[in-house]
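Comments concern the structure below.
Protein chains in written order, with the numbering used here: chain P, 1 to 578; chain Y, 579 to 706.
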């Protein structure tokens, strides 16, 4: 039948049944439009066209499915379960790296063992066999699990490969394996407080793991931090040594990039090993650096001096009366080792005079002091990437007594991180940057808190404290250390300050001619030793520790030693004389 | 039977057969490729896991505390001190115009440094 279309010449010989009769009748008045043969032909052609279209569609689709790769990709988007072309990372939680790309937290693939008790025929024997392979699990525990009513029960997570092999070898139906992962910290205690840890379900419960849990689970791109493993280790080593030597309860140290407020190292002791499954005690879990709020003591005199000088109401050469204790309405302010004379601003800093600082603050006024403390962030919680954040405790009212006590560091409690961040701003030229642990390409522009010139005079004042004052033991030759000590009396449980129970702090920056790093070192209740001649003040414990630390750190931080120019000139003159 | 009709019939009978056979072969090949893909994917996943484990091990072996211990045990070097870094201008170099004198001076310096190094090594040993 189809052959008809291919043989044009013979179409006249072909008639449909009964057609020849009609043809004979209407031979005279032939109307081509109404010719039934032509109609049939048209219908046939139309039907054929329809089929051709249908087959063309099928052919196209077939081509699409078989040859063109788009189809697979499109289908994959539609249903993620059929991921066949792109491989997903079997490890779901992202790694954490230090600033040099060293892995400081990663996840290892492990296997979990679970059971379907309804499928286990002989729970007694199975439990016996399992308790042999897993000696840390008791037979009774396993037996209870295997006879429970549920359809899914975990027997043990994170099996070792040999345990997995042995259990598999038992061939018990109903015992199944599940791929899991376990978070591990290759550096153990070193970053315990920064990183925090995760629970058994791989959800962050503290530190960065908790604060950035979403980021770590959503993408498997490693998260890079600003911390440096080498530096952190050096600092931890020295701090641990000092805490042991002075029999302190705890200690903390923070090293910060002065110009960007990036945290290079942050240690809080005592710490714990986040890999261990034994729960550490609450003291070891506590992050002193970001969670603990303390009255900073004399360290606050830095900010008092910066505020006073920046207000323009106090100049460096101004002298303040420190001949006798300052009597206020409710309290009397005394000096620790009074000079009992009029002191200039540098002398107030060098001798750490409470009276002088209080008088400076009183001269400037409460409102400006309050505004300044607000500006350097001492009233708000810090926006840092660890979950443990301390909320500062600020005085209720702002009376004359408050102005005076805040001036030398009492009545206002902040975290050590608050202090070091504000200190960095004071010495770096007056720009405050938000502290951060995340290494990103760009930094915030920061905000100006004091003028460039005030910052410059502050650097000179702080250098004097180290050269001539209480910070002498941290005067490392060549690295131009500048800083301020602080010894704050601790409040006892009944709300009174106890003598001899102190919290000592030292904040420093180096090299002072072009500050690059700021260091804070704090110890809680250091005891007097023979070496400290019975003293417990900062100058005898925190300062020498910081001195040793800076001596070790500076070459690691690639800081060129720069000897005092005067010293060099003097030696050159001596040389020339010979 | 008409020869053209026969030709057409043969053509239309052969075409589905050929097509069917072609599809069968293609299907077979796709199946094989898919099997290969699955096994490659499994290998890649295993490799990714292994890399993870090795990275963790590398980091563990490179932990500063361990390196310090090893360095102390095997290398006779102490941490550098600020006094050990000085400016070029501060180096105690003498200068001789004459060629032979310069050579003599260099020899003297080298000998001096060798002596100095020996003393340093002794000092390091004594310190330990």
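Every residue gets a Cβ at the ideal spot worked out from N, C-alpha and C, and that includes glycine.
A straight line joining the alpha-carbon of residue 543 of chain P with that of residue 704 of chain Y spans about 29 Å. Chain order gives the chain Y residues near residue 103 of chain P as 633, 634 and 637, where near means a beta carbon separation below 7 Å.
Chain-ordered, the chain P residues with CB closer than 7 Å to the CB of residue 642 of chain Y read 229, 230 and 233. Residue nearest to residue 421 of chain P within the set P:407, P:436, P:411 and P:409 is P:436 (criterion: CA-CA distance). Residue-level contact by beta carbon fails for residue 439 of chain P and chain Y, as no gap is shorter than 8 Å. When DSSP states are grouped into helix, strand and coil, residue 300 of chain P belongs to the helix group.
Secondary structure at residue 627 of chain Y: helix, using DSSP grouped into helix, strand and coil.
Three or more beta-carbon pairs separated by less than 8 Å link the stretch 362-377 of chain P to the stretch 296-312 of chain P, which places the two stretches in contact.
Residue contact with chain P for residue 657 of chain Y: present (Cβ-Cβ distance below 8 Å to some residue of chain P). Closest by C-alpha distance to residue 401 of chain P, out of P:345, P:329, P:394 and P:149, is P:329.
Secondary structure at residue 594 of chain Y: helix, using DSSP grouped into helix, strand and coil. Chain-ordered listing is empty here: chain Y has no CB closer than 9 Å to the CB of residue 158 of chain P, the nearest sitting near 13 Å.
By the criterion of a C-beta distance shorter than 8 Å, residue 168 of chain P is surrounded in its chain by 177, once the five residues flanking it on both sides are discounted.
Under the Cβ distance rule, residue 663 of chain Y counts among the residues neighbouring chain P, one pair being separated by less than 8 Å. Residue 317 of chain P carries a coil assignment under DSSP once its states are collapsed to helix, strand and coil.
Close partners of residue 627 of chain Y in chain P (Cβ separation under 9 Å): 90, 91, 108 and 109. Within the stretch 365-443 of chain P, no complete beta strand (DSSP E) segment of 3 residues or longer occurs.
For residue 171 of chain P, no beta strand (DSSP E) encloses it, and the DSSP letter there is neither H nor E. Residue 553 of chain P is a Cβ neighbour of residue 234 of chain P, given a cutoff of 8 Å.
Under DSSP, residue 109 of chain P shares a beta bridge with P:181. The C-beta separation of residue 385 of chain P from residue 212 of chain P comes to about 6 Å, placing the pair in contact by the 8 Å criterion. Cβ contact annotation for residue 547 of chain P (same chain, cutoff 6 Å, sequence separation greater than five): 473, 474 and 476, in chain order. Taking C-alpha positions only, residue 257 of chain P is separated from residue 484 of chain P by approximately 18 Å. Here the C-alpha atom of residue 430 of chain P lies approximately 11 Å from the C-alpha atom of residue 457 of chain P. At a Cβ-Cβ threshold of 8 Å, residue 94 of chain P and residue 223 of chain P count as neighbours. Contact between residue 361 of chain P and residue 393 of chain P is ruled out by a C-beta separation of about 19 Å, above the 8 Å threshold.
When DSSP reads this structure, residue 653 of chain Y sits in no beta bridge, so it has no partner. Under DSSP, the beta-bridge partners assigned to residue 506 of chain P are P:485 and P:521. At a beta-carbon threshold of 9 Å, none of the residues of chain P lie near residue 694 of chain Y; the nearest stands roughly 20 Å away. Per DSSP, the continuous beta strand (DSSP E) segment holding residue 250 of chain P begins and ends at 250-257. Secondary structure at residue 266 of chain P: strand, using DSSP grouped into helix, strand and coil.
One alpha carbon belongs to residue 217 of chain P, the other to residue 92 of chain P, and they sit about 6 Å apart. For the stretch 179-197 of chain P, residues whose beta-carbon sits nearer than 8 Å to a beta-carbon of chain Y comprise 184, 186, 187, 188 and 190. Take the alpha-carbon of residue 174 of chain P and the one of residue 601 of chain Y: they are about 42 Å apart. Closest option to residue 180 of chain P, judged by alpha-carbon separation, among P:113, P:214 and P:268: P:113.
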